[in-house]
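Residue numbers (our numbering), protein chains in the order written: chain P, 1 to 345; chain Y, 1 to 345; chain S, 1 to 345.
Below: the structure, in structure tokens.
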Amino acid sequence: MTLGELAEALGAELKGGDPSAEVLGIAGLEEVGPGQISYVQDARLLRRGEATPALALIAPEDCASEIKPLLSTADPRLAFAHALRILVPAGPPLQGVHPTAVIGEDVALGEGAAVGAHAVVGDGARLGARVQIHPLAIVGRGAQIGDDSIIHPHVTLYEGVRLGARVIVHAGSVVGSAGFGYVEDGEKLLHIPHVGTVVIEDEVEIGAGVTIDRATTGATVIGRGTKIDNLVHVAHNVKIGRNCVVAGQTGFSGSVTLGDGVVLAGQTGVADHVTVGRGAKAGARAAITRDIPDGVTVLGNPARPLGEQLRIEAALGKLPELRREMRKLAARIAALERARGGKRD
Amino acid sequence: MTLGELAEALGAELKGGDPSAEVLGIAGLEEVGPGQISYVQDARLLRRGEATPALALIAPEDCASEIKPLLSTADPRLAFAHALRILVPAGPPLQGVHPTAVIGEDVALGEGAAVGAHAVVGDGARLGARVQIHPLAIVGRGAQIGDDSIIHPHVTLYEGVRLGARVIVHAGSVVGSAGFGYVEDGEKLLHIPHVGTVVIEDEVEIGAGVTIDRATTGATVIGRGTKIDNLVHVAHNVKIGRNCVVAGQTGFSGSVTLGDGVVLAGQTGVADHVTVGRGAKAGARAAITRDIPDGVTVLGNPARPLGEQLRIEAALGKLPELRREMRKLAARIAALERARGGKRD
Amino acid sequence: MTLGELAEALGAELKGGDPSAEVLGIAGLEEVGPGQISYVQDARLLRRGEATPALALIAPEDCASEIKPLLSTADPRLAFAHALRILVPAGPPLQGVHPTAVIGEDVALGEGAAVGAHAVVGDGARLGARVQIHPLAIVGRGAQIGDDSIIHPHVTLYEGVRLGARVIVHAGSVVGSAGFGYVEDGEKLLHIPHVGTVVIEDEVEIGAGVTIDRATTGATVIGRGTKIDNLVHVAHNVKIGRNCVVAGQTGFSGSVTLGDGVVLAGQTGVADHVTVGRGAKAGARAAITRDIPDGVTVLGNPARPLGEQLRIEAALGKLPELRREMRKLAARIAALERARGGKRD
């Protein structure tokens with residue numbers, strides 16, 4: 001592909017450079033080599049981009065360079081994502097049902113669905129068109145998977161869970177394990193049967209090593225377009241809205257509700273039955289113990305509105321000093337008290 | 001099953017309603033439909049229960065309703081758990097040894113033990129009666145599993161670990177990986193061989209994605225009846241008592257000891273060699289760095305007794321204000337000092 | 001093996017005891033039985049060691065005992081590690097390629113490489129000499145594994161990742177899943193293709209349930225000799241130096257850099273693009289939000305230099321008292337103000 005063709009494919013304007021130059025690859029600023037393209041997110045990075053051997057740089061529209069050809073675009077990061085897709089073709093998809101795969105009875109396999117080596121598909125499961133079940137994954141009895149979804153190796157989909165279309169589940173994740181709910185029965189803890197399920201809507205992407213428990217009754221729900229990072233724990237009866245972003249090692253206790261478009265940074269925790277409003281955000285390691293209104297950003301443990309928490313953190317740094325100050329003030333007060341002959345504790 | 005039969009099975013008193021009415025199912029208050037039963041934990045929820053289309057409500061004995069038939073019982077949550085078990089029969093258990101399962105030499109399979117597709121059972125392993133090894137699980141060489149235990153898909157039981165009866169291990173969990181212990185050998189880190197094992201006593205239930213390391217020597221022990229949630233990390237030589245409850249993403253460093261009946265909320269951490277006393281509790285995200293006496297509840301990082309930590313958290317919220325107050329006091333002291341003609345720093 | 005032979009094998013001096021006595025085993029102080037050897041890390045533990053039924057104790061050179069024979073050595077913990085290796089032989093390694101293993105096309109198997117039951121090795125993968133792929137593990141297309149590496153059950157190595165020699169990956173870990181990077185495309189979140197890889201250098205050891213994402217472009221790198229504990233999350237483009245120690249449940253956001261010899265205690269988090277200097281250390285649960293210079297130890301959230309954080313934690317415990325003190329000072333100031341006839345707020 002030539003630089004000119006790439007510009008056209010991206011809808012970008014080529015500023016400078018030879019449109020017929022061949023594009024040999026694509027890489028970030030730190031790895032880019034000769035003949036490859038890279039990108040700069042904003043004008044501040046342009047210098048760094050110019051110092052690389054890149055053939056050309058995807059750059060925002062307010063950039064101009066006398067050194068490097070620019071692929072000028074409104075959203076360089078989006079253009080870079082498109083360029084990665086164009087220039088680095090994905091490997092060939094799985095094809096067909098591997099002879100070692102174990103397929104149960106009454107399984108519906110959509111057109112072009114593929115099942116890899118040693119994968120197991122339980123009785124009555126329904127796989128949509130072009131679904132890919134990678135080697136060593138298991139689809140439980142009666143589970144449903146929509147068109148074009150990809151289930152990576154070592155994923156466990158328990159019985160009866162329902163995944164929409166274009167869902168991706170990365171290796172080792174578990175969907176539909178029993179929720180963690182017990183009731184005391186004399187001295188013993190009796191497990192509350194979790195007879196509900198998990199519903200994962202279209203275009204959800206789930207990282208590696210994630211665990212999503214089934215509901216007691218009803219369903220644990222991950223809303224359309226939501227993205228979940230690695231090692232996240234989603235307890236029973238959680239309802240996550242649409243287009244949320246949940247970073248790594250975050251944990252949700254039972255019956256949490258997230259509105260649409262919520263963004264939680266890594267290692268966040270949300271206490272049971274808490275509601276996080278639409279568009280709310282949490283900084284890394286936030287411990288959300290109470291409801292968060294729409295659009296509010298929180299931080300800290302317990303989580304507080306961002307500005308408040310930052311003031312607290314700043315004050316914390318001064319806390320030892322504050323104690324020293326206080327002792328000095330006490331001494332000055334004592335001196336004043338002595339001076340007027342009074343005597344106070 | 002009729003409402004009357006259900007009342008009898010639960011040992012509950014039916015207050016109102018037609019004992020011959022057919023029970024069509026069971027669900028929580030948010031999902032319950034016509035003909036189904038639901039439950040209210042306490043009197044405050046009765047109104048909400050009455051507003052549902054439920055056929056009848058399991059309710060505590062101090063409740064009375066003119067709108068809904070009640071299944072009156074001392075412990076509604078326990079009765080709900082029993083009713084779930086009665087009304088929603090579990091799917092059929094695994095049967096037999098799947099032809100694709102790989103069974104080693106000298107394996108003892110108890111009566112009715114079942115091994116699923118592509119599961120692997122190592123040489124010399126001993127499986128009790130009615131043990132279920134789900135598809136794609138692996139039981140290491142010489143591992144022992146007591147009667148009626150259930151090993152879900154993708155579980156790894158390393159060589160020689162010992163599980164009691166009625167143990168459940170959910171998908172993707174790992175029991176018996178080498179502990180994380182190293183010693184410096186010049187510039188390198190040399191792994192200390194972990195030649196101990198893991199002992200999981202009867203009726204322990206382990207969630208999905210849990211990792212339990214084997215002991216250096218001796219055993220890492222999970223005591224009878226203890227329940228462990230998803231993505232919990234249990235390091236080498238940890239000894240967890242009986243009937244403990246450990247919520248999701250909690251981590252135990254090496255050689256931690258927990259007494260019986262300890263309850264740890266989610267994302268708790270316990271430092272190495274710490275002892276947590278019998279019946280102690282920790283709130284979510286507690287960082288337990290020192291021994292906790294029996295029966296004490298802690299919170300915070302580092303964990304402190306609950307009341308103390310709550311006072312600190314309340315004071316924290318006032319900390320920026322405290323600094324402002326202090327500056328005002330300093331100004332007033334300075335004014336007093338000026339007034340008496342003295343001069344102080 | 002006799003006590004004398006063991007002393008010689010360890011390079012230790014046998015002080016007291018019968019060199020021809022047979023060593024029956026080895027165990028920690030809490031489990032050691034008659035005829036076995038144990039070890040005491042330092043002189044303070046000698047009494048405890050003397051009270052055990054041990055045949056002899058590995059002990060530091062400054063120890064002397066009239067009760068127990070000592071294997072006197074400069075580094076007892078290192079000698080104990082060696083003794084464990086000598087006295088408790090590891091089980092037999094995997095042998096050959098199991099008939100149920102699925103081996104792709106153009107796979108290179110080094111001399112003595114073994115592949116277990118139901119393991120899957122993708123097309124074009126290259127396995128070095130004596131590599132062990134345990135049952136139910138998967139090696140993706142074109143992945144490379146150096147000599148003597150061990151891949152435990154249920155590990156997923158995605159396409160094209162590269163592991164060095166003598167690497168160990170414990171059960172259920174995932175290497176090479178797509179990084180968690182998205183860009184907004186109108187209302188949707190578009191995944192940024194992660195076309196990079198993961199490079200794991202020689203002698204790295206990775207615990208169970210770890211997830212390591214591949215880079216956007218270039219590689220996520222784990223440096224030679226680094227040890228990673230269970231349930232750690234390593235995001236895309238992270239570069240971890242050599243001989244680092246990363247304890248359980250730690251999480252790295254994207255593009256973090258760690259120098260050589262960094263030690264992170266459990267449940268630490270490192271924010272994206274942060275650099276942690278060579279030899280730096282973090283206490284448990286640290287939240288590293290800014291660059292850490294070489295050799296500095298940090299603690300807390302946000303992480304601060306250790307001494308500073310400890311002073312803050314101490315002051316925190318006094319915070320409620322500080323507020324009470326402040327109210328008392330305010331009262332004394334008010335009294336002084338009244339005394340001089342002034343009137344102040």
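Just so it is clear, CB atoms sit at the ideal spot from N, CA and C, and this is done for glycine as well.
Determine the closest residue to residue i out of the options, with distance taken between C-alpha atoms.
i, options, result
"A129 of chain P", "P:G96, P:G241, P:V232 and P:H152", "P:G96"
"G241 of chain P", "P:A208, P:V210 and P:D294", "P:D294"
"R214 of chain S", "S:H170, S:E187, S:Q267 and S:A143", "S:A143"
"D346 of chain P", "P:L163, P:A119 and P:D75", "What the structure shows of chain P is the stretch from 1 to 345, and residue 346 of chain P is not part of that stretch, so it cannot be assessed."
"D260 of chain Y", "Y:V169, Y:G223 and Y:P19", "Y:G223"
"P89 of chain P", "S:F180, S:V195 and S:E111", "S:V195"
"L264 of chain Y", "Y:R278, Y:A247 and Y:V256", "Y:A247"
"A368 of chain P", "Y:D106, Y:M1 and Y:G172", "With chain P covering only 1 through 345, there is no way to say anything about residue 368 of chain P."
"L237 of chain S", "S:P93, S:I228, S:T216 and S:A303", "Inspection of the sequence shows that residue 237 of chain S is occupied by Asn rather than by Leu. That would be S:T216, whose Cα lies nearest to the Cα of N237 of chain S."
"S65 of chain S", "S:I86, S:R85, S:D42 and S:L87", "S:D42"
"V274 of chain Y", "Y:A303, Y:G283 and Y:E321", "Y:A303"
Excluding the 5 residues preceding and the 5 following residue i in the sequence, name in chain order all residues of the same chain whose CB lies nearer than 8 Å to its CB.
i, result
"D345 of chain P", "A caution first: D345 of chain P carries a pLDDT of 44, below 50, which makes its placement in the model unreliable, though a value can still be read off. Cβ within range, chain order: n/a, list empty."
"V40 of chain S", "L29, L46, R48, G49, L57, I58, A59, P60, C63 and P76"
"I150 of chain P", "V131, Q132, H134, V167, I168 and V169"
"H191 of chain P", "A178, G181 and Y182"
Just the chain S side, please: which residues come within less than 7 Å of residue i by C-beta, in chain order?
i, result
"E31 of chain P", "T217 and G218"
"H118 of chain P", "V102, H118 and V120"
Leaving out five residues before and five after residue i in sequence, what residues of the same chain have Cβ atoms less than 6 Å from its Cβ?
i, result
"Q309 of chain S", "L299 and G300"
"V175 of chain Y", "L157, V161, V198 and I212"
"V276 of chain P", "L258, V262 and I292"
"A113 of chain S", "L127 and V131"
"G225 of chain P", "E203, R242 and N243"
"R285 of chain Y", "Q267"
"V32 of chain P", "S38, T52 and A54"
"A101 of chain S", "V115 and A119"
"S253 of chain S", "A235, A271 and D272"
"I103 of chain S", "V121"
"K227 of chain S", "E205 and V245"
"T250 of chain Y", "V232, L264 and T268"
In chain order, what residues of the same chain have a beta carbon less than 7 Å from the beta carbon of residue i, not counting five sequence neighbours either side?
i, result
"L10 of chain Y", "L71, T73, A79, H82 and A83"
"G17 of chain Y", "L3, A56 and P69"
"E105 of chain P", "D123"
"A165 of chain P", "G128, G146, D147, D148, S149 and D202"
Assuming residue i and residue j form a contact by the criterion Cβ under 8 Å, report the distance between their Cβ atoms to the nearest whole angstrom.
i, j, result
"V139 of chain S", "V121 of chain S", "5 Å"
"E13 of chain Y", "A7 of chain Y", "7 Å"
"L45 of chain Y", "L29 of chain Y", "7 Å"
"R141 of chain P", "G91 of chain Y", "7 Å"
"L306 of chain S", "L231 of chain Y", "That belief does not hold up - the Cβ atoms of L306 of chain S and L231 of chain Y are roughly 29 Å apart, past 8 Å."
"K395 of chain S", "T297 of chain S", "As shown, chain S starts at 1 and ends at 345. That puts residue 395 of chain S outside it, with no answer to give."
"R396 of chain Y", "L322 of chain P", "Since the displayed chain Y opens at 1 and closes at 345, residue 396 of chain Y lies outside it and no answer follows."
Which residues of chain Y have a Cβ atom closer than 8 Å to the Cβ of residue i, listed in chain order?
i, result
"G172 of chain P", "H154, G172 and G209"
"M326 of chain S", "L322, E325, M326 and L329"
Hey, is residue i's beta-carbon within less than 7 Å of any beta-carbon in chain A?
i, result
"G248 of chain S", "Reference to chain A is not applicable here, since the protein chains of this structure are P, Y and S."
Against residue i, what residues of chain P qualify as contacts under a CB-to-CB distance less than 7 Å, listed in chain order?
i, result
"E159 of chain S", "G91"
Determine the chain S residues that contact residue i at a beta-carbon separation under 8 Å, and present them in chain order.
i, result
"H98 of chain Y", "Within chain S, no residue comes near H98 of chain Y; the closest Cβ sits about 12 Å away, beyond 8 Å."
"D294 of chain Y", "Those within 8 Å of D294 of chain Y in chain S number zero; the least Cβ separation is about 21 Å."
Sorry if obvious, but does the Cβ on residue i come closer than 6 Å to a heavy atom of the ligand PLP?
i, result
"L316 of chain Y", "Looking for the ligand PLP in the displayed structure turns up nothing, as the structure carries no ligands at all."
Listing by chain order, which chain P residues have their CB less than 8 Å from the CB of residue i?
i, result
"I192 of chain S", "R77, F80, A81 and L84"
Requested in this report: Give, in chain order, every residue of the stretch 313 to 324 of chain P whose Cβ lies closer than 9 Å to some Cβ of chain Y.
Outcome: Under the 9 Å Cβ criterion, the stretch 313 to 324 of chain P contributes A314, A315, L316, K318, L319 and L322.
Query raised in the report: What residues in the stretch 36 to 53 of chain Y bring their beta carbon closer than 9 Å to a beta carbon of chain S?
Result: none
Query raised in the report: Relative to chain Y, which residues along the stretch 132 to 146 of chain P have a C-beta separation below 7 Å, given in chain order?
Result: L136, I138 and R141
Report task. For the stretch 60 to 88 of chain Y, enumerate the residues whose C-beta is nearer than 9 Å to any C-beta of chain S, in chain order. Result -> none
Query raised in the report: What residues in the stretch 225 to 238 of chain Y bring their beta carbon closer than 7 Å to a beta carbon of chain S?
Result: Within the stretch 225 to 238 of chain Y, contact with chain S at the beta-carbon level (separation under 7 Å) is assigned to L231, H233 and A235.
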